[in-house]
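What follows is a short report on a single structure.
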């Protein structure tokens, strides 16, 4: 496996030059556009890696499936679906409104920013600090990294340049879709997106989802298998922003991307994959990372279709 990963990494490295790192959050613009790493954790617990796989970066939108899990664990499927829909919007992740009609929860999904902001309000806790700490603890558990923390520089950059997310949150509030203080909800969301991870951490999350809610090796259950099925289905249809359909055809596995350049992929019953390549395509997905996943899927017949 290591030989295959090294070969794919070198084959896909040139794609990094075709994209651009995210610059609307100034701290993210500091990333090396040529960085590229991959980490794979198989269902039997074997770890394989290549490249810049231990380079730290922030989780960004890859927190969304974990947010969804926390909301599901706290409220159940029926209540979450009452507040946030499941249909792909076909629009960018930060679109102001996914529908031409009056906004309601069914127009959102958990993998776009508006849906994720609503999910922050569904986490149980007496304060948003407590809610964030519960989300952080779940993230630590799923990544197998007990010392995960927020990258404070990225958090401050997110908060000071988060005008569009702030507009989205106040729009939700105006339609009665967001409870509580808007700035408290946003603070939770910005901190969640700024949790620092690496490829190994993302691969571990993918491995747990691949194993239907059980930890690799120990097989300890973290959440019910029904929730793994729910989250994986959302990732398959919505996880790669408005490029999810094309990704389903080219790669064919549930995955979630983030604008810091990470991709977390789930190959049901087989493996979890974490990738870092900060140079992005026009839709905000890691360009070299997507290509590497496409080739890995082709070499190992990973597509679920």
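In our numbering, the protein residues as written are 169 to 473. Just so you know, even glycine gets a beta-carbon here, dropped at the ideal spot from N, CA and C.
query	result
CB of residue 240 within 8 angstroms of CB of residue 395, strictly	yes
CB of residue 428 within 8 angstroms of CB of residue 446, strictly	yes
7 angstroms CB neighbourhood of residue 284 in its chain, flanking five on each side removed	232, 235, 278 and 357
Residues bridged to residue 279 (per DSSP)	Answer by DSSP bridge pairing: none, since residue 279 is not bridged.
Contact the stretch 329–346 vs the stretch 243–250: 3+ CB pairs below 8 angstroms	no
Collapsed DSSP secondary structure at residue 227 in the structure displayed	coil
Secondary structure of residue 341, DSSP reduced to three states	helix
Close-in-space but distant-in-sequence residues of the same chain around residue 199 (CB under 6 angstroms, 5 per side omitted)	189 and 446
Three-state class that DSSP yields for residue 431 in the structure shown	strand
Exposure label - residue 384; buried when at least 16 CB within 10 Å	buried
Beta-carbon proximity check, residue 205 vs residue 367, cutoff 8 angstroms	yes
Rounded straight-line distance, which links the Cα of residue 349 to that of residue 280	20 angstroms
Proximity winner among 405, 455, 441 and 256, relative to residue 185 (alpha-carbon distances)	455
Residues of its chain near residue 291, where Cβ-Cβ distance is below 7 angstroms and the 5 sequence neighbours each way are ignored	238, 239, 242, 299, 302 and 303
Close Cβ partners of residue 228 (< 6 angstroms) along its chain, the five nearest in sequence each way excluded	361, 426, 427 and 428
Top-ranked residue by Cα proximity to residue 224, from 192, 370 and 390	370
As assigned by DSSP and simplified to three states, the class of residue 207	strand
Cβ-Cβ separation, residue 365 to residue 430 (assumed contact under 8 angstroms), whole Å	7 angstroms
Under 8 angstroms between C-beta atoms of residue 177 and residue 219	yes
Distance between beta carbons of residue 315 and residue 378, contact taken as under 8 angstroms	Actually they do not touch by this definition, with Cβ atoms about 24 angstroms apart.
Candidates 450, 461 and 381: closest to residue 415 by CA position	461
Test: residue 406 CB closer than 8 angstroms to a CB of chain D	Absent from the structure: chain D. Only one protein chain is present.
Burial state of residue 401 (16 or more Cβ within 10 Å)	exposed
Backbone CA spacing between residue 297 and residue 326 [nearest angstrom]	17 angstroms
Simplified DSSP state of residue 424, which is helix, strand or coil	strand
Closest residue to residue 435 among 421, 322 and 444 (Cα-Cα distance)	421
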